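Undergrad:
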Amino acid sequence: MTPFAPALLGFVLGAGIGALVVWLLVRRAARQVRGQIINRHHLGEILGPLGAAVVVLSESDFVLATSTFARRLGIVRGSAIVGTELQHLLAEARRTGQVARAEIRIAGPAEEPVVLAVRVLVLSNQAAVLIGEDRSHDLRFTETRRDFVANITHELKTPIGAIGLLAEAAEAAADDPDAVRSFLGKLTREADRLNELVSQIIALSRLQAVDPLLDAQLVDVAGLLSAASTRCAHQAEAGQVSLSVQAEPGLVISGDPGELETAVTNLAQNAVAYSEPGAKVALTSGRGADGMIEIRVSDNGIGISEADQKRIFERFFRVDADRSRATGGTGLGLSIVKHVAAAHGGEVTVWSRVGQGSTFTLRLPDGSEGGTR
Ligand code: ADP
Numbered sequence: 017m018t019p020f021a022p023a024l025l026g027f028v029l030g031a032g033i034g035a036l037v038v039w040l041l042v043r044r045a046a047r048q049v050r051g052q053i054i055n056r057h058h059l060g061e062i063l064g065p066l067g068a069a070v071v072v073l074s075e076s077d078f079v080l081a082t083s084t085f086a087r088r089l090g091i092v093r094g095s096a097i098v099g100t101e102l103q104h105l106l107a108e109a110r111r112t113g114q115v116a117r118a119e120i121r122i123a124g125p126a127e128e129p130v131v132l133a134v135r136v137l138v139l140s141n142q143a144a145v146l147i148g149e150d151r152s153h154d155l156r157f158t159e160t161r162r163d164f165v166a167n168i169t170h171e172l173k174t175p176i177g178a179i180g181l182l183a184e185a186a187e188a189a190a191d192d193p194d195a196v197r198s199f200l201g202k203l204t205r206e207a208d209r210l211n212e213l214v215s216q217i218i219a220l221s222r223l224q225a226v227d228p229l230l231d232a233q234l235v236d237v238a239g240l241l242s243a244a245s246t247r248c249a250h251q252a253e254a255g256q257v258s259l260s261v262q263a264e265p266g267l268v269i270s271g272d273p274g275e276l277e278t279a280v281t282n283l284a285q286n287a288v289a290y291s292e293p294g295a296k297v298a299l300t301s302g303r304g305a306d307g308m309i310e311i312r313v314s315d316n317g318i319g320i321s322e323a324d325q326k327r328i329f330e331r332f333f334r335v336d337a338d339r340s341r342a343t344g345g346t347g348l349g350l351s352i353v354k355h356v357a358a359a360h361g362g363e364v365t366v367w368s369r370v371g372q373g374s375t376f377t378l379r380l381p382d383g384s385e386g387g388t389r
């Protein structure tokens, strides 16, 4: 044995033990890592809060983990995917080895069905992942825009057509001054209607384009109510409706004074328009239990049924189109109010009973808290 032999043996043994220790450590670490990634509990924790519907399935389509949204939608029950369309999509992804895609309508927990853009992909270990993104909002937006354009076309065509016909009729009746005067009176009313409609359409598109809080001012709520009441005074007098204002002094809102005045005026004009002679309309303001500023416009007029209350904030929706037209309505007033409220960080709510009256409440953040934002 050479003098180096013990040292060599020691070296080999040491290296061997070292390698064994490193191997054991690596194996432990690998097990820990594997445990952390594959553990269903942790996977569930990761997926849980995701906004999309995500489902991870085993090789045999057993649900391993899901996002909360997927469970809420009801596309997973127990350990299985529910719904033939989703099951077919999963089968297609397994058969083709490609990502399978489809847009699927799901009844969901809400009234409106949820439209999911679904992708299913199969991983190299044959596990599968289903990802469903909620497209309902985008779709509703597109539908609303399409309806809006169709409605605008219809609403504009009516007074434009009438103006043309009335002008022709006035010309044809040139020898009869009374008839000409009557036609011209009607023509003026249609022109006013057209003017109001165009102004409201412009107001709505402006509301969508500009954020009123970017150049916000402090607006005195009492001043707002009295300005709206002044703008309705003539209409109220003509309709024999009494108008009162009771404002808590010192309240301020941060925002666009013009938009806020338009919103309160629209509510007050409606309250007068949808009330019978002798009715009472009250504009009041105060602070809600949660500190929000509340502007209430109440009437004891015709009221709105529960079914219609759900639709009155839609553009061009009217319970009674003839009555709305007769009072100069365009069907856009409440959608403008809703936009103004939302753009100012607030909301508009309605309480109403048919035959008893209505109260519309604009709830807006207190401007004195943050000053102009
Ligand atoms: P319009 O220009 O027709 O008044 P709005 O958007 O302001 O349009 O209102 C939509 C519909 O809601 C109205 O046509 C009317 O049927 C109903 N409505 C609004 N305010 C009242 C109210 N205070 N009382 C009863 N019905 C109302």
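Using the numbering used here, read the sequence shown as starting at 17 and increasing by one per residue. All C-beta atoms in this analysis are idealised placements derived from N, C-alpha and C, irrespective of residue type, glycine included. Everything numeric in this text was worked out from a predicted model, so none of it was measured.
(1) Assuming M308 and G362 make a contact with CB atoms under 8 Å, what is their CB distance in whole Å?
(2) Candidates N55, S368 and S76: which alpha carbon is nearest G319's?
(3) Going residue by residue through the stretch 293 to 365, where are the continuous alpha helix (DSSP H) segments of at least 4 residues, counting only ones entirely within it?
(4) Please report the straight-line C-alpha distance between V71 and E159, rounded to a whole angstrom.
(5) Please confirm whether L378 and A279 have their CB atoms less than 8 Å apart.
(6) Could you give the distance in angstroms between the alpha-carbon of A342 and the alpha-carbon of S260?
(7) Evaluate contact between the stretch 142 to 156 and the stretch 170 to 182, counting only Cβ atoms and requiring at least three cross-stretch pairs below 8 Å.
(8) Put A289 into one of helix, strand or coil per three-state DSSP.
(9) Do Q262 and T300 come within 8 Å of each other at the CB atom, strictly closer than that value?
(10) Please confirm whether any heavy atom of the ligand ADP lies closer than 7 Å to the CB of F199.
(11) Between the beta-carbon of L105 and the beta-carbon of A118, is there less than 8 Å?
(12) Along the chain, where does the beta strand (DSSP E) containing A166 start, and where does it finish?
(13) Please check the pair H360 and L229, which I expect to be a contact at CB under 8 Å, by giving their CB distance rounded to whole angstroms.
(14) Go to E206, then tell me how far its alpha helix (DSSP H) extends in each direction, as first and last residue.
(15) Taking only the alpha-carbon atoms, compute the straight-line gap between E61 and T82 and give it to the nearest angstrom.
(16) Looking at the secondary structure, which residues open and close the beta strand (DSSP E) in which L80 lies?
(17) For E119, which residues does DSSP report across the bridge?
(18) Could you tell me whether the Cβ atoms of A107 and A86 are closer together than 8 Å?
(19) Using the Cα positions of E275 and G64, report the straight-line distance between them to the nearest angstrom.
(20) Identify whether I91 lies in helix, strand or coil by the three-state DSSP scheme.
(21) Taking 7 Å as the cut-off, does the CB of S301 come closer than this to any heavy atom belonging to the ligand ADP?
(22) Could you pull out every residue in the same chain whose Cβ sits closer than 8 Å to the Cβ of L213, ignoring the five residues on either side in sequence?
(23) Among residues of its own chain, excluding the 5 on either side of G373, which ones have a beta-carbon nearer than 6 Å to its beta-carbon?
(24) Does DSSP classify V280 as helix, strand or coil?
(25) Helix, strand or coil: how does DSSP classify V237 here?
TA: Checking against the coordinates, here is how it stands:
(1) 7 Å
(2) Per the Cα distances, S368.
(3) 322 to 325, 337 to 342 and 349 to 359
(4) 29 Å
(5) Their beta carbons are under 8 Å apart, which means L378 touches A279 by this criterion.
(6) Distance from the CA atom of A342 to the CA atom of S260, rounded to whole angstroms, is 24 Å.
(7) no
(8) A289 falls in the helix class under three-state DSSP.
(9) yes
(10) no
(11) yes
(12) No beta strand (DSSP E) contains A166, which is instead part of the alpha helix (DSSP H) from S152 to A188.
(13) Confirmed, about 7 Å.
(14) P193 to A225
(15) 9 Å
(16) V79 to T82
(17) A133
(18) no
(19) 41 Å
(20) coil
(21) no
(22) Cβ neighbours of L213 within its own chain (closer than 8 Å, five residues either side excluded): E171, L172, P175, T346 and L348.
(23) D315, N316, G317 and G319
(24) helix
(25) helix
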